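Peer 1: Okay, handing you the structure first.
Protein chains: 2
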Amino acid sequence: MSIQTRKERERAEREKLIITAARDLAEAEGWEAVTTRRLADQVEYSQPVLYSHFKGKDAIVTAVALEGITEMAADLRAARLSAPGPDAVLPAICAAYVAFAEQRPALYDAMFRQRVDLPFATPEAPPALQEAFGEFLEAVRPHAHGTDLGLLAETLWAALHGLATLMRGGRIPREFHDQRLAILVARFTGEASDGTARPA
Amino acid sequence: MSIQTRKERERAEREKLIITAARDLAEAEGWEAVTTRRLADQVEYSQPVLYSHFKGKDAIVTAVALEGITEMAADLRAARLSAPGPDAVLPAICAAYVAFAEQRPALYDAMFRQRVDLPFATPEAPPALQEAFGEFLEAVRPHAHGTDLGLLAETLWAALHGLATLMRGGRIPREFHDQRLAILVARFTGEASDGTARPA
DNA sequence: CTCCAAAAACTAGCGGTGCTAGGAACGAGT
DNA sequence: ACTCGTTCCTAGCACCGCTAGTTTTTGGAG
Numbered sequence: 477m478s479i480q481t482r483k484e485r486e487r488a489e490r491e492k493l494i495i496t497a498a499r500d501l502a503e504a505e506g507w508e509a510v511t512t513r514r515l516a517d518q519v520e521y522s523q524p525v526l527y528s529h530f531k532g533k534d535a536i537v538t539a540v541a542l543e544g545i546t547e548m549a550a551d552l553r554a555a556r557l558s559a560p561g562p563d564a565v566l567p568a569i570c571a572a573y574v575a576f577a578e579q580r581p582a583l584y585d586a587m588f589r590q591r592v593d594l595p596f597a598t599p600e601a602p603p604a605l606q607e608a609f610g611e612f613l614e615a616v617r618p619h620a621h622g623t624d625l626g627l628l629a630e631t632l633w634a635a636l637h638g639l640a641t642l643m644r645g646g647r648i649p650r651e652f653h654d655q656r657l658a659i660l661v662a663r664f665t666g667e668a669s670d671g672t673a674r675p676a
Numbered sequence: 477m478s479i480q481t482r483k484e485r486e487r488a489e490r491e492k493l494i495i496t497a498a499r500d501l502a503e504a505e506g507w508e509a510v511t512t513r514r515l516a517d518q519v520e521y522s523q524p525v526l527y528s529h530f531k532g533k534d535a536i537v538t539a540v541a542l543e544g545i546t547e548m549a550a551d552l553r554a555a556r557l558s559a560p561g562p563d564a565v566l567p568a569i570c571a572a573y574v575a576f577a578e579q580r581p582a583l584y585d586a587m588f589r590q591r592v593d594l595p596f597a598t599p600e601a602p603p604a605l606q607e608a609f610g611e612f613l614e615a616v617r618p619h620a621h622g623t624d625l626g627l628l629a630e631t632l633w634a635a636l637h638g639l640a641t642l643m644r645g646g647r648i649p650r651e652f653h654d655q656r657l658a659i660l661v662a663r664f665t666g667e668a669s670d671g672t673a674r675p676a
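Just so you know, the protein sequences line up as chains A and B, in that order. Heads up: the first sequence begins at 477 in our numbering, then just goes up one per residue. Heads up: the second sequence begins at 477 in our numbering, then just goes up one per residue.
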């Protein structure tokens, strides 16, 4: 049994190595730079080894996305726990979400932009994803006023996703990002929208 | 002068043909099916002629995106004009926007997801894009309450973009899309969020 | 220690991609 | 009719994801 477990361990370590290499390369040069050849070179194995671990390149992206989901869930949870009160949760979650998207763009791309084979918004979805969504549920709960919590959370999530992706894609200027985020938060908390004029 | 103009006309016609072929192919089979070889085959010319019209494949996508922007601007304008009153403009614009994204997914991808070399959110942006954004400005005007119009419009735009792209990417179920859109609209019009519970 | 079968990893290659260099064919002006 | 510049095509480059077939390594039996 010892030999068998050693092999399995080594195999698991190598798999982790592949995922990390893919992630690092994507974060450094973007997903378009992540090719199976470069990946194989990085882990110092030949290309076909990758396919003994993953069905294809998409599966590698999926594995990276799963890592990202776990980390995002932790970020959102930390943001909620450090919020001073229930009403402060939503702004904190929103800020943490867009910060994650900004700071780990490749990870975020894998999670929410690339084609991956992961179940979303179903009971079969990854636990970490459900956990992350749960944080959004808690965030919107004080401001639901009878609206379905799940739908409200999905809508807020989508709005943040739009802000993050449009900004990253250059469709919306980086300038005044904080103000836009504040506007969105105000619209979802129901508080009077802050009348701060565009400072430019 | 006649020969010269004839050549220019034929050249313009062929360019239009390339753009249309790219667009049709993308709408039919997705952008990943749009290759320079298939495109060249479609217009019955060899590959290199594409490069005498466009700097590269990205430029072709950009040209398609420009077409899409023009059509979207027309859709949004029509939606605004057919709205019964100022307060009905925002819901109409929102509905028209997501409908466009749903019905012309490839066009929408070219406009807002793919890497294209177009100026956004600057005075140099394509007129049609500024026109489309102008429709959003009009839509949010009655509900701004002192918030900067431009930032508010961008934020709403981003929220709709998030809804459209997450749904298309399978991250949010198609079910209850109308409710989510209603929630978003309610949050931006400032009216009491409709308490319609999730019918499931 | 030797041998052999099985497991593991490699080399080489397939069909595809975006893009381009170099030569052939065409057509307008003399 | 003959240049000669323009236009277009053939062929090919370097790369992509992926896989078939072969070589190497490895662990256990004799």
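Heads up, the beta-carbon is just placed ideally off N, CA and C, and yes, glycines get one too. Predicted, not measured: the structure shown is a model, and the values here were computed from it.
1. Any Cβ of chain A within less than 7 angstroms of the Cβ of L628(B)?
2. Would you check if the segment 587 to 598 of chain A and the segment 524 to 540 of chain A touch, i.e. whether three or more CB-CB distances between them fall below 8 angstroms?
3. Please check if any C-beta of chain B sits within less than 7 angstroms of the C-beta of L583(A).
4. Comparing alpha-carbon positions, which option in I659(A), L625(A), A658(A) lies nearest F652(B)?
5. In chain order, what residues of the same chain have a beta carbon less than 7 angstroms from the beta carbon of G671(A), not counting five sequence neighbours either side?
6. Helix, strand or coil: which one does DSSP assign to T665(B)?
7. Count the other CB atoms, across all protein chains shown, that sit within 10 Å of the CB of L515(B); report buried if there are 16 or more and exposed otherwise.
8. Whole angstroms is fine: what's the gap from E484(B)'s alpha carbon to E520(B)'s?
9. Does chain B have any CB closer than 7 angstroms to the CB of T631(A)?
10. Closest to P562(B) by C-alpha separation, out of Y573(B), E614(B), E547(B), T546(B), would be which residue?
11. Please name the residue, chosen from L628(B), V574(B), G645(B), D500(B), that lies closest to M548(B) on a Cα-to-Cα basis.
12. List the residues of chain B that Q606(A) touches, going by C-beta distances under 7 angstroms, in chain order.
13. Grab me the residues of L639(A)'s own chain with a C-beta within less than 8 angstroms of its C-beta, minus the 5 sequence neighbours each way, in chain order.
14. Under the three-state reduction of DSSP, which class applies to P649(B): helix, strand or coil?
15. Based on Cα-Cα distance, which residue from A577(B), P581(B), L552(B), W507(B) lies nearest to P567(B)?
16. Using 8 angstroms as the Cβ pair cut-off and three pairs as the minimum, do the segment 605 to 623 of chain B and the segment 602 to 610 of chain A touch?
17. Against T641(A), what residues of chain B qualify as contacts under a CB-to-CB distance less than 9 angstroms, listed in chain order?
18. Between T512(B), L628(B), G506(B), which has its C-alpha nearest F664(B)'s C-alpha?
19. With a threshold of 7 angstroms between beta-carbons, can I659(A) be considered close to chain B, or not?
20. So, for V525(A): in the same chain, excluding its five sequence neighbours on each side, which residues have a beta-carbon less than 6 angstroms away from its beta-carbon?
21. Look up S558(A) in the DSSP assignment and say whether it is helix, strand or coil.
22. Please report the residue range of the alpha helix (DSSP H) in which D585(A) lies.
23. Which same chain residues end up closer than 6 angstroms to L583(A) when comparing Cβ atoms and leaving out the 5 residues on each side of it in sequence?
24. If you follow the alpha helix (DSSP H) that V519(A) is in, where does it begin and where does it stop?
25. Tell me which same chain residues have a C-beta within less than 8 angstroms of the C-beta of L542(B), skipping the five on either side of it?
26. According to DSSP, simplified to helix, strand and coil, what is R591(B)?
27. Should E508(B) go down as buried or exposed, given a rule of 16 or more other Cβ atoms within 10 Å for buried?
28. Do I495(B) and A555(B) count as a contact pair if the criterion is CB distance below 7 angstroms?
Peer 2: The short version:
1. In the second sequence, counting from the first residue as 1, residue 628(B) sits at position 152. True, the Cβ-Cβ gap to chain A drops below 7 angstroms.
2. yes
3. Here residue 583(A) refers to the residue found at position 107 when the first sequence is read from its first residue. False, the Cβ-Cβ gap to chain B never drops below 7 angstroms.
4. Sequence index remark: in the second sequence, residue 652(B) carries index 176 (1-based). With distances taken between Cα atoms, F652(B) lies closest to L625(A).
5. Residue 671(A) sits at position 195 when you count from the first residue of the first sequence. Unreliable placement is indicated for G671(A), whose pLDDT of 48 sits below 50; no coordinate value is reported for it.
6. Here residue 665(B) refers to the residue found at position 189 of the second sequence. Correct three-state label for T665(B): helix.
7. Within the second sequence, numbered from 1, the residue matching residue 515(B) stands at position 39. Label assigned to L515(B): buried.
8. Taking the first residue of the second sequence as 1, we reach residue 484(B) at position 8. Taking the first residue of the second sequence as 1, we reach residue 520(B) at position 44. Using only the alpha carbons, I get a separation of about 19 angstroms.
9. In the first sequence, the residue the question calls residue 631(A) occupies position 155. Yes, contact with chain B.
10. Here residue 562(B) is taken as the residue at index 86 of the second sequence, counted from 1. Measuring from the Cα of P562(B), the nearest candidate turns out to be E614(B).
11. The count along the second sequence starts at 1 and reaches residue 548(B) at position 72. Of the candidates L628(B), V574(B), G645(B), D500(B), the one whose C-alpha sits nearest the C-alpha of M548(B) is V574(B).
12. Numbered from 1 along the first sequence, position 130 holds the residue referred to as residue 606(A). Here the premise fails: no neighbours, minimum Cβ distance about 13 angstroms.
13. Indexing the first sequence from 1 puts residue 639(A) at position 163. Cβ neighbours of L639(A) beyond the five flanking positions: V574, I648, H653, R656, L657, L660.
14. Taking the first residue of the second sequence as position 1, residue 649(B) is located at position 173. Coil, per DSSP.
15. Along the second sequence, read from residue 1 onward, the residue named residue 567(B) stands at position 91. Closest option to P567(B), Cα to Cα, is L552(B).
16. no
17. Indexing the first sequence from 1 puts residue 641(A) at position 165. What T641(A) touches in chain B: F588, R589, A634, H637, G638, T641.
18. Within the second sequence, residue 664(B) is the residue found at index 188, counting from 1. Selected option, being the one with the closest Cα: L628(B).
19. As a first step, residue 659(A) must be located in the first sequence, where it is residue number 183. Chain B contact via Cβ: present.
20. Mapped onto the first sequence, residue 525(A) falls at position 49. Counting only Cβ-Cβ distances below 6 angstroms, and skipping sequence neighbours, we find nothing.
21. Counting from one through the first sequence, the residue named residue 558(A) turns up at place 82. Residue state, collapsed to three classes: coil.
22. Locating residue 585(A) in the first sequence gives position 109, where the first residue counts as 1. Element bounds for D585(A): 581 to 588.
23. Locating residue 583(A) in the first sequence gives position 107, counting from the first residue. The answer, listed in chain order, is G544.
24. One-based indexing of the first sequence puts residue 519(A) at position 43. Unbroken alpha helix (DSSP H) run through V519(A): 512 to 519.
25. Working through the second sequence from its first residue, we reach residue 542(B) at position 66. Excluding residues within five positions, the ones whose Cβ falls inside 8 angstroms are L594, P602, A604.
26. The sequence position of residue 591(B) within the second sequence is 115, counting from 1. R591(B): coil per DSSP, three-state reduction.
27. For this step, residue 508(B) is matched to residue 32 along the second sequence. It is exposed - the Cβ of E508(B) has fewer than 16 other Cβ atoms within 10 Å.
28. Counting from 1 along the second sequence, the entry for residue 555(B) is found at position 79. Counting from 1 along the second sequence, the entry for residue 495(B) is found at position 19. In this structure, I495(B) does not lie closer than 7 angstroms to A555(B) by Cβ.
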